[in-house]
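So the protein lines, in turn, are chains A and B.
Counting in UniProt numbering, the first sequence runs from 1 upward without gaps.
Counting in UniProt numbering, the second sequence runs from 1 upward without gaps.
Glycine included, C-beta positions come from ideal geometry on N, C-alpha and C.
Remarks on the structure that follows.
Protein chains: 2
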Amino acid sequence: MPTFPPASAGVAAVSVDAHFERVLAGVAPIGRVDAVRLADAAGRTLATAVDARVDVPAFDNSAMDGYAVRRADVASASPDAPVVLDVVADLPAGSAEDRLIEPGRAARIMTGAPIPPGADAVVAVERTDGGSDRVAILAAARPAHHVRRRGEDVRAGERVLEPGVLLDAARVAAAAAAGLAELAVAAPPRVAVVATGSELVEPGAPLGRGRIHDSNSLLLAALVADAGGVVSEALRVPDDPGLLLEWIEAREPCDLVVFAGGVSVGAHDVVRHVLGGLGGVGFSRVAMQPGAPQAFGALPGGTPVFGLPGNPVSVAVSFEAFVRPALRRMLGHADVRRATWRATVDDGWRSPPGRRQYMPVALAVRDGRPVVRRATRGGAGSHLVAGLASADGFAIVPEEVEDVAAGDAVEVAITR
Amino acid sequence: MPTFPPASAGVAAVSVDAHFERVLAGVAPIGRVDAVRLADAAGRTLATAVDARVDVPAFDNSAMDGYAVRRADVASASPDAPVVLDVVADLPAGSAEDRLIEPGRAARIMTGAPIPPGADAVVAVERTDGGSDRVAILAAARPAHHVRRRGEDVRAGERVLEPGVLLDAARVAAAAAAGLAELAVAAPPRVAVVATGSELVEPGAPLGRGRIHDSNSLLLAALVADAGGVVSEALRVPDDPGLLLEWIEAREPCDLVVFAGGVSVGAHDVVRHVLGGLGGVGFSRVAMQPGAPQAFGALPGGTPVFGLPGNPVSVAVSFEAFVRPALRRMLGHADVRRATWRATVDDGWRSPPGRRQYMPVALAVRDGRPVVRRATRGGAGSHLVAGLASADGFAIVPEEVEDVAAGDAVEVAITR
């Protein structure tokens with residue numbers, strides 16, 4: 001039977017930050033760009049900056065329903081001494097009319113309609129008698145009152161969106177307002193996710209002795225999609241070096257491979273044996289809990305590859321700490337790390353000295369402030385996938401902290 | 001030409017909370033359920049509770065690579081006085097072997113493999129000589145040391161997921177681990193989004209005098225998708241009552257209609273004229289900024305309908321305040337409102353007395369705490385769509401507050 005490898009063979013002990021830097025140095029923006037219509041752009045990452053093609057708004061227009069007037073005409077207007085003007089035009093939004101408003105005259109105007117030449121302010125309908133042929137104006141107007149100026153939101157040529165941002169509803173709408181019809185977006189990294197282990201059976205299948213339902217391939221596939229990647233393949237491979245090698249050689253084209261399981265010191269840890277044999281992959285004991293055994297490098301041909309430990313909570317933590325930042329770098333995001341928030345600890349727990357702890361936590365809001373408690377019954381115990389489902393994020397406990405007490409402040413990456 | 005309607009005709013002045021309650025009372029969970037495989041479940045809303053079908057883990061198994069032993073055999077073991085045991089089995093993860101471990105014997109066991117009968121603890125490989133036929137054990141074992149107990153994560157029949165939760169990666173993985181292969185999820189509400197206005201042209205088209213690029217139909221479509229709905233139609237309709245009626249009668253089947261624009265007091269406000277004529281729709285002046293003119297009710301046949309004001313920031317605010325909660329109720333979500341967070345104000349601004357203000361704000365993290373400043377040049381000015389793109393959420397300023405000063409605490413709904 002295969003023997004245990006020496007526990008430390010070829011395994012470097014590194015800090016989380018050092019491993020993070022190594023991962024970031026090992027991936028690059030993939031650079032492929034798709035042109036998409038605005039209706040298909042939400043959820044994609046912008047590849048090139050968006051500058052306004054038109055002034056927004058494109059013309060001086062009315063901010064109110066009312067009457068476009070010459071201010072000088074209505075300077076003396078009041079409820080007791082209305083000024084009566086001839087209404088010479090009716091300007092709904094979308095009107096192309098540009099009739100000059102001469103002294104003593106006004107145009108009825110709707111919100112968004114262009115201010116006609118000659119007029120220099122709008123009187124809201126509430127400050128008039130609402131007349132159609134002639135209108136009694138009951139109030140004077142300040143300069144440019146109720147006028148939205150051309151270019152007041154953004155001028156043609158000005159930057160509207162920076163590259164590397166996630167396109168959401170507001171950003172897509174801004175691109176539309178700025179005159180664009182399509183956007184250059186980063187092609188999503190194609191990611192193969194592979195759960196390894198002879199114990200794994202497909203979801204819902206009967207469990208023979210020693211078998212468990214594979215949750216890691218689903219977990220990874222959904223995390224990849226959430227991070228902006230597309231899953232080229234999601235599969236299970238038993239602990240058989242021949243089968244694993246065969247898959248590596250015949251896999252679908254992809255930009256990243258993520259293995260879960262088989263990277264530790266077990267005699268059957270097939271990912272470690274196979275990737276170790278191929279060269280190009282480094283194995284580390286990262287000073288973190290959970291998730292210590294980590295593999296990262298490149299397959300023959302250069303495709304970056306992760307080997308994550310196989311327990312589901314370790315997979316989730318490793319993805320958050322290393323894989324998601326790598327995918328964001330591949331997508332060209334400006335920020336690869338998630339912002340963390342300071343939260344108050346509601347319970348308390350122990351953290352291993354010298355290791356950075358990623359504790360799954362449930363988040364509550366108390367008086368508007370975030371409060372966290374452990375999400376899993378067993379704390380950071382890395383196999384508690386059902387408990388992971390109740391986690392809203394991870395509390396990140398520094399290496400030097402051994403006790404996290406109720407009332408302490410802790411940094412939290414909110415993932416839900 | 002059409003005349004201004006009386007500004008108050010049929011328009012009720014209501015609080016934000018009263019309008020919210022009216023909206024929630026006017027929509028119901030749509031109740032259609034889809035069965036989806038786990039691989040397709042992420043992003044959907046769970047329709048029925050998930051209870052574990054199996055114990056997780058399904059059997060006592062090893063938490064370490066090492067040797068399954070009888071504790072009594074190794075009680076005296078130490079580095080100076082090892083206990084040597086015969087290795088009678090090799091149990092990789094996935095092994096179905098269940099050979100009894102008799103006194104004086106051990107099984108080599110890998111992480112996740114079933115604890116064999118007779119054994120009651122695991123000694124980690126690091127506390128042994130790693131032998132294959134015989135192993136020298138260098139340490140005693142605590143009861144059930146490194147043994148993960150059957151059902152320790154969750155027991156068969158226990159609740160794993162509550163109905164009404166959004167299925168994300170962790171929840172899908174939990175369902176897989178709990179023995180499920182597919183889930184009952186809420187069918188997404190089908191939503192028609194309609195931007196009204198004769199001034200609107202399609203994104204990227206040349207702008208004649210008085211015309212603007214439609215951004216609202218894109219904004220609404222992306223917001224609907226983000227809230228878990230599907231867009232049945234997204235279109236522009238000019239300010240023509242006949243065309244609008246025609247569309248209402250011939251529309252694709254849908255569960256909700258959202259109009260943007262044409263709900264105010266303008267003489268050409270077609271949504272107000274048409275929906276007002278159909279009956280079943282109430283028009284309100286809601287005490288909020290922006291977004292005051294609001295319409296809500298039902299079309300003939302009962303489909304709920306929103307009429308939102310047409311400025312893009314008003315659309316975004318109205319969606320957050322009313323439409324998103326309605327969609328979440330239709331999806332069966334437990335919580336229809338977004339949690340708000342207390343943030344510190346970095347700049348300061350005025351808020352109208354008696355109205356609840358939704359100020360688009362950019363969010364920063366300072367010392368782990370949220371800090372906000374106005375996202376748009378013009379404050380809550382409701383037409384600043386390019387500025388909206390830099391908003392991470394909305395500061396919600398209570399009705400009685402008129403001054404928001406730097407350093408004040410403010411509630412923020414984080415939408416990005």
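Query: DSSP state of residue 20 of chain A mapped onto helix, strand, coil; Result: helix
Query: C-beta neighbour in chain B for residue 209 of chain A, strict 7 Å; Result: yes
Query: Close Cβ partners of residue 292 of chain A (< 6 Å) along its chain, the five nearest in sequence each way excluded; Result: 285, 286
Query: Rounded separation between residue 388 of chain A and residue 70 of chain B - CA only; Result: 32 Å
Query: Contact set for residue 413 of chain B: own chain, Cβ-Cβ below 7 Å, skip 5 residues either direction; Result: 320, 338, 340, 393, 394, 396
Query: Whole-number beta carbon distance between residue 96 of chain B and residue 203 of chain A, since they are thought to touch under 8 Å; Result: Between residue 96 of chain B and residue 203 of chain A the Cβ distance is about 20 Å, and since that is not below 8 Å, they are no contact.
Query: C-alpha gap between residue 187 of chain B and residue 374 of chain B, whole angstroms; Result: 37 Å
Query: Contacts around residue 405 of chain A, its chain only, beta-carbon distance under 6 Å, and the 5 residues preceding and following it disregarded; Result: 348
Query: CB of residue 304 of chain B within 7 Å of CB of residue 298 of chain B, strictly; Result: yes
Query: Under the three-state DSSP convention, the category residue 249 of chain A falls into; Result: helix
Query: Cβ of residue 228 of chain A within 7 Å of any chain B Cβ; Result: no
Query: Rounded separation between residue 382 of chain B and residue 19 of chain A - CA only; Result: Bear in mind that a pLDDT of 48 at residue 382 of chain B, under 50, signals an unreliable position, so the number given afterwards is only what the model happens to contain. Cα to Cα, the separation comes out at about 46 Å.
Query: Proximity of residue 196 of chain B and residue 281 of chain B at Cβ, strictly below 7 Å; Result: no
Query: Supposed close pair residue 343 of chain B, residue 258 of chain B - CB separation, criterion 8 Å; Result: About 29 Å; that fails the 8 Å criterion.
Query: Coil, strand or helix - residue 306 of chain B by DSSP; Result: strand
Query: Where the beta strand (DSSP E) containing residue 232 of chain A begins and where it ends; Result: 230-237
Query: C-beta atoms of residue 351 of chain B and residue 313 of chain B nearer than 7 Å; Result: no
Query: Alpha-carbon to alpha-carbon, residue 359 of chain A and residue 399 of chain A; Result: 13 Å
Query: Anticipated Cβ contact below 8 Å, residue 140 of chain B with residue 68 of chain B, distance rounded; Result: No, residue 140 of chain B and residue 68 of chain B are not in contact; Cβ-Cβ is about 15 Å, not under 8 Å.
Query: Cutoff 6 Å; reference residue 289 of chain B; Cβ partners in own chain excluding five residues on either side; Result: 352, 355, 357, 380
Query: Whether residue 101 of chain B touches residue 118 of chain B by CB criterion (7 Å); Result: yes
Query: Contact under 7 Å by Cβ, residue 329 of chain B with residue 179 of chain B; Result: no
Query: Cβ-based neighbour list, residue 156 of chain A, same chain, cut-off 7 Å, excluding 5 preceding and 5 following; Result: 52, 53, 54, 55
Query: Test: residue 365 of chain B CB closer than 7 Å to a CB of chain A; Result: yes
Query: Residue 319 of chain A - DSSP class collapsed to helix/strand/coil; Result: helix
Query: Completely contained beta strand (DSSP E) runs for the stretch 66-97 of chain A, where each covers 3 or more residues; Result: 66-69, 83-91
Query: Under 7 Å between C-beta atoms of residue 323 of chain B and residue 216 of chain B; Result: no
Query: Pick from B:142, B:106, B:146, B:112 that is closest to residue 135 of chain B, judged by C-alpha positions; Result: B:106
Query: Nearest-angstrom Cα separation, counted from residue 233 of chain A out to residue 45 of chain B; Result: 25 Å
Query: Residue 356 of chain B: first and last residue of the uninterrupted beta strand (DSSP E) it sits in; Result: 356-366
Query: Contacting residues, own chain, Cβ-Cβ under 7 Å from residue 154 of chain B (five flanking each side not counted); Result: 52, 56, 160, 178
Query: Reference residue 39 of chain A; option with closest CA among A:309, A:171, A:193; Result: A:171
Query: Contact check, residue 327 of chain B vs residue 260 of chain B, beta carbons under 7 Å; Result: no
Query: DSSP-derived helix/strand/coil call for residue 329 of chain A; Result: helix
Query: Listed by chain order, chain B residues near residue 145 of chain A by CB distance under 9 Å; Result: In chain order: nothing, as chain B lies at least about 14 Å away.
Query: Alpha-carbon to alpha-carbon, residue 283 of chain B and residue 318 of chain B; Result: 14 Å
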